[in-house]
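Student: Provided herewith is a single structure, encoded as structure tokens, for subsequent inquiry.
There are 2 protein chains.
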Amino acid sequence: MASQKHKLSANMEDYLEVIAMLKDEKGVVRVKDISDRMNVKKPSVTAAMNSLASKGLIEHERYGYIDLSVEGEKLAREVKERHDMLTRFFMDILGVSENSAETDACKIEHSLSKETSEKLMHLVEYLEMHAGERPPQWLKNLNEYIGKNK
Amino acid sequence: MASQKHKLSANMEDYLEVIAMLKDEKGVVRVKDISDRMNVKKPSVTAAMNSLASKGLIEHERYGYIDLSVEGEKLAREVKERHDMLTRFFMDILGVSENSAETDACKIEHSLSKETSEKLMHLVEYLEMHAGERPPQWLKNLNEYIGKNK
DNA sequence: GAAATATGTTAGTCTTGCTTAACTTTGTTA
DNA sequence: TAACAAAGTTAAGCAAGACTAACATATTTC
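Top line first, the protein sequences correspond to chains A and B.
Counting in the numbering used here, the first sequence runs from 3 upward without gaps.
Counting in the numbering used here, the second sequence runs from 3 upward without gaps.
In structure tokens form, the structure reads like this:
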């Protein structure tokens with residue numbers, strides 16, 4: 003079996019996700035970048051990197067750059083996918099402010115079961131699909147009811 | 003000011019919620035009941051009770067029963083309300099199994115911002131309202147699309 | 001290329017929340 | 001009522017994750 007079931011803590015998932023984001027943004031990732039982005043101090047990052055490296059999810063040479071392993075990359079993408087889906091749900095469907103949507107997505111992206119996140123994904127797809135093609139009355143009603151533009 | 007902004011941890015919110023449930027079910031609440039319900043050992047409960055008592059959220063005499071204070075009762079009800087709303091959303095709208103719905107609700111009930119949970123509450127109300135009065139076509143489509151009855 | 005600055009790591013501490021083992025108190029029952 | 005069982009508490013310890021202070025390595029810059 004290629005990938006043994008890593009049961010990562012929410013915290014470690016957050017670190018992985020941020021590493022993936024920084025890699026996308028800047029190409030390379032350093033302790034300092036992570037520390038700034040996550041509002042933690044550098045020693046906390048070092049400790050987290052040791053933990054992730056010991057699980058084979060990142061590669062990290064002392065004083066050097068940090069990179070995701072294949073396995074780590076895969077996990078990070080899964081988390082990010084849930085995160086983005088949740089953000090879309092909160093913003094596009096519920097009309098929550100970007101700020102709250104991001105914050106809430108960050109917190110619950112680690113807790114949803116596979117079953118629930120898949121079904122929620124379907125809901126988002128369905129609603130966005132219909133929202134795109136001249137919104138039917140019921141979606142307008144819904145948005146008004148929820149108070150999207152209050 | 004009557005109630006200073008208690009920023010409770012997710013764990014402490016769980017204890018409060020369980021105390022409220024047990025009080026409803028049995029009338030009185032003991033350490034043993036909480037320990038059984040939450041799958042933790044009794045010393046963990048004792049520690050948690052000391053913490054909640056020091057915050058004025060419960061009353062607890064040594065070797066005696068546990069009861070919610072007015073403030074604790076209020077908080078517990080708020081958590082339970084979010085919990086129930088989430089469970090309904092997962093089950094009634096998404097068609098998630100009761101088991102996953104309960105588990106997921108338990109985990110994220112502590113993390114949602116006020117803004118998001120209020121709007122989600124509105125969504126649930128809106129959809130349930132329309133589901134009740136001979137479900138319109140779009141709701142059927144939605145449920146099929148999500149795969150509610152797969 | 002040496003000094004100054006930026007970045008990274010180590011060591012030690014704190015908090016939260018859990019555990020086990022041992023002890024105390026309360027309740028039951030013969 | 002004495003003894004046993006059930007429930008509660010205390011003490012000690014562990015693990016995750018965060019922090020500060022101090023030290024080590026890289027990178028700039030003059």
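For each residue, glycine too, the CB sits at the ideal point set by N, CA and C.
Predicted model, so just to flag it, every value in this text is computed and none were measured.
(1) How many whole angstroms separate the CB atoms of Val-47 of chain A and Val-33 of chain A, which I take to be in contact at a CB cut-off of 8 Å?
(2) Of all the residues that make up the stretch 105–117 of chain B, which are near chain A by a beta-carbon distance shorter than 8 Å?
(3) Under a CB-based cut-off of 7 Å, is Ile-126 of chain B close to chain A?
(4) Taking only beta-carbon atoms, is Phe-91 of chain B less than 7 Å away from chain A?
(5) Does Ser-46 of chain A come within less than 7 Å of chain B when only Cβ atoms are used?
(6) Which residues, in order along the stretch 10–23 of chain A, keep a beta-carbon less than 9 Å from a beta-carbon of chain B?
(7) May I ask you to list, following chain order, the residues of the stretch 63–83 of chain B that have a beta carbon less than 9 Å from some beta carbon of chain A?
(8) So with Cβ pairs under 7 Å, would you call Lys-43 of chain B a contact of chain A?
(9) Determine the chain B residues that contact Ser-99 of chain A at a beta-carbon separation under 8 Å, and present them in chain order.
(10) Are the CB atoms of His-124 of chain A and Ala-12 of chain A within a distance shorter than 7 Å?
(11) Does any CB atom of chain B fall closer than 7 Å to the CB of Lys-152 of chain A?
(12) Using only alpha-carbon positions, find the residue among A:Glu-80, A:Ile-60, A:Ser-115 and A:Ile-95 that is nearest to Met-131 of chain A.
Tutor: In this structure, then:
(1) The residue labelled residue 47 of chain A in the question sits at position 45 within the first sequence. The residue labelled residue 33 of chain A in the question sits at position 31 within the first sequence. Sure, about 5 Å apart at Cβ, within 8 Å.
(2) Close to chain A, meaning a Cβ-Cβ distance shorter than 8 Å, are the following residues of the stretch 105–117 of chain B: Thr-105, Asp-106, Lys-109, Ile-110, Ser-113, Leu-114, Ser-115 and Glu-117.
(3) Taking the first residue of the second sequence as 1, we reach residue 126 of chain B at position 124. The displayed chain sequence assigns Val, not Ile, to residue 126 of chain B. Not an interface residue.
(4) Position 89 of the second sequence holds residue 91 of chain B. Chain A contact via Cβ: absent.
(5) For this step, residue 46 of chain A is matched to residue 44 along the first sequence. So no, Ser-46 of chain A is outside the interface.
(6) Residues are counted here when their Cβ sits less than 9 Å from a Cβ of chain B; for the stretch 10–23 of chain A the count is zero.
(7) Cβ contacts with chain A come from no residue of the stretch 63–83 of chain B.
(8) Within the second sequence, numbered from 1, the residue matching residue 43 of chain B stands at position 41. Chain A, which has no Cβ nearer than 7 Å to the Cβ of Lys-43 of chain B, makes this no.
(9) Taking the first residue of the first sequence as 1, we reach residue 99 of chain A at position 97. For Ser-99 of chain A, the chain B residues whose C-beta falls within less than 8 Å of its own C-beta are Glu-117, listed in chain order.
(10) Your numbering for residue 12 of chain A matches position 10 in the first sequence. Your numbering for residue 124 of chain A matches position 122 in the first sequence. Using a Cβ distance threshold of 7 Å, Ala-12 of chain A and His-124 of chain A do not count as a contacting pair.
(11) Translated into the one-based positions of the first sequence, residue 152 of chain A becomes position 150. Residue confidence is low: Lys-152 of chain A scores 45 on pLDDT, short of 50, so the model does not pin down where it sits. Its coordinate-derived value is still stated next. Residue-level contact by beta carbon fails for Lys-152 of chain A and chain B, as no gap is shorter than 7 Å.
(12) In the first sequence, the residue the question calls residue 131 of chain A occupies position 129. Checking every option, the nearest Cα to that of Met-131 of chain A belongs to A:Ile-95.
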